[in-house]
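Asks:
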Amino acid sequence: MARPRKIDSDLVKQAQLLAAGTDDIQELRMAQAVLLPALAQMTLKVAAKVIGVGRATVARLQTRFRRRKANAQPTPRRWGGRRRALMKWEDEQAFLSAWKAKAEQGQLVVVTPLQVALQEKLGRRVKPSVIYRLLDRHRWRKVAPDTRHPKAQPTIQDEWKKKRYPKSWRPC
């Protein structure tokens, strides 16, 4: 069962005054978000359709209206962003700067030592996917090593390919 709706008469009066005397569309929407459910007995879903926003936005508009003060600055949006980040962007850059010189010299940066260092810094275990996403966030790309082994000897390889063994699976 849903909790009962609390309608504050002072809040409704403030919303009526705001709706009557505003030129700003955001202020009008805030007032409508309070007035429609209170006076017309609408649900948030129906009020959202009337106002032209989503249901969650109606609840946000109501909260913003309740918290608003006469001469206060508008509150910034609180949704979005990196809420579950392990470190701030600047801390990540400082963490990767230790390996930046090595990477610029052309040496391979392996994920395993990065993972160990990050685990020591954070004091908890992290999966390799965390490191891959960290590198991707900072535009570190995967550079494939050479397709040829540095100690390969092409003459010996070609000579081995030319040999024909007597016990071949193909008939002569």
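For the sequence shown, numbering that gives the first Met the number 0 gives the first residue as 0, with consecutive numbering after it. Glycine residues also receive a C-beta, built at the ideal position from the N, C-alpha and C atoms.
Measuring CB to CB, does Val45 end up less than 8 Å from Val11?
Replies: The count along the sequence shown starts at 1 and reaches residue 45 at position 46. The count along the sequence shown starts at 1 and reaches residue 11 at position 12. Taking 8 Å as the Cβ cut-off, Val45 and Val11 do not qualify as a contacting pair.
Asks: Quick one: which unbroken alpha helix (DSSP H) runs of 4-plus residues sit fully inside the segment 70–127? Chain order, please.
Replies: 88–103 and 110–121
Asks: Would you check if there are 3 or more beta carbon pairs closer than 8 Å linking the segment 19–38 to the segment 57–68?
Replies: Counting C-beta pairs with one atom in each stretch, the segment 19–38 and the segment 57–68 have three or more that are closer than 8 Å, which means they touch.
Asks: So, Leu85 versus Leu121, is the Cβ gap smaller than 8 Å?
Replies: By one-based count along the sequence shown, residue 85 stands at place 86. By one-based count along the sequence shown, residue 121 stands at place 122. Taking 8 Å as the Cβ cut-off, Leu85 and Leu121 qualify as a contacting pair.
Asks: How do the segment 146–162 and the segment 116–132 stand: do at least 3 beta-carbon pairs fall below 8 Å, yes or no?
Replies: Under the three-pair Cβ rule at 8 Å, the segment 146–162 does not count as touching the segment 116–132.
Asks: By alpha-carbon positions, which one of Thr42, Lys150, Arg28 and Asp9 ends up nearest to Arg2?
Replies: As a position in the sequence shown, residue 2 is number 3, starting the count at 1. When only C-alpha atoms are compared, the closest one is Thr42.
Asks: Below 8 Å on the Cβ atoms is my contact criterion, and I expect Arg28 with Ile50 to pass it. Report the Cβ-Cβ distance as a whole number of Å.
Replies: Taking the first residue of the sequence shown as position 1, residue 28 is located at position 29. Taking the first residue of the sequence shown as position 1, residue 50 is located at position 51. Confirmed, Cβ separation roughly 6 Å.
Asks: How should Ala19 be labelled, buried or exposed, when 16 other C-beta atoms within 10 angstroms of its C-beta is the threshold for buried?
Replies: Mapped onto the sequence shown, residue 19 falls at position 20. Ala19 is exposed by the Cβ-count criterion.
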